[in-house]
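Once you know that position 54 of the sequence shown is 67 in our numbering, the rest is easy, because the numbers rise by one and skip nothing.
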Amino acid sequence: MLRHARVIAQRGTLFAYDPEQTAAAMPHRDRAVAENIAWWQRHTGHRMLLSAHSGHVGCESAKPHRYPRLQGAFMRVALGRDCVNVGTTFGTGFVQRARSP
Numbered sequence: 014m015l016r017h018a019r020v021i022a023q024r025g026t027l028f029a030y031d032p033e034q035t036a037a038a039m040p041h042r043d044r045a046v047a048e049n050i051a052w053w054q055r056h057t058g059h060r061m062l063l064s065a066h067s068g069h070v071g072c073e074s075a076k077p078h079r080y081p082r083l084q085g086a087f088m089r090v091a092l093g094r095d096c097v098n099v100g101t102t103f104g105t106g107f108v109q110r111a112r113s114p
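Listed below in structure tokens is the structure:
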């Protein structure tokens, strides 16, 4: 139950950022996701596969002015060498995502 409360607090903090504050909000988001992944792994002892945009799970940002530190960098600190990032790509098609209301 405590973990649920922490996730709610993390989400509330993210929503408190001004939409123009991407450079401040995204490290908070990516740090929170990495903390939750590390918690789950330590809590269960299981391996996991995370599917996410390479713009989040990478270790170095292609746009440091907007995304100064990525989820992959936070995960690497939390999980050390147990964290492995694997990039994938495809030749045709598209990715469809839900749009925010």
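For each residue, glycine too, the CB sits at the ideal point set by N, CA and C. Model, not experiment: these values are computed from the prediction.
Mapping the DSSP letters down to three states, classify residue i as helix, strand or coil.
i, result
"F28", "helix"
"G71", "coil"
"H59", "coil"
"A65", "coil"
"R110", "coil"
"G100", "coil"
Starting from the Cα of residue i, find the closest Cα among the options and give me that residue.
i, options, result
"Y80", "Q23, R16, D43, A18", "D43"
"L8", "M14, R16, V46", "No answer is possible for residue 8: it lies beyond the span of the chain, which begins at 14 and ends at 114."
"H66", "G25, R19, V99, W52", "V99"
Compute the Euclidean distance between the alpha carbons of residue i and residue j, then round it to the nearest angstrom.
i, j, result
"A36", "P77", "8 Å"
"Q23", "E48", "10 Å"
Step through the CB atoms of chain C and report whether any lies within less than 9 Å of the CB of residue i.
i, result
"Q34", "In the displayed structure, chain C is absent; only one protein chain is listed."
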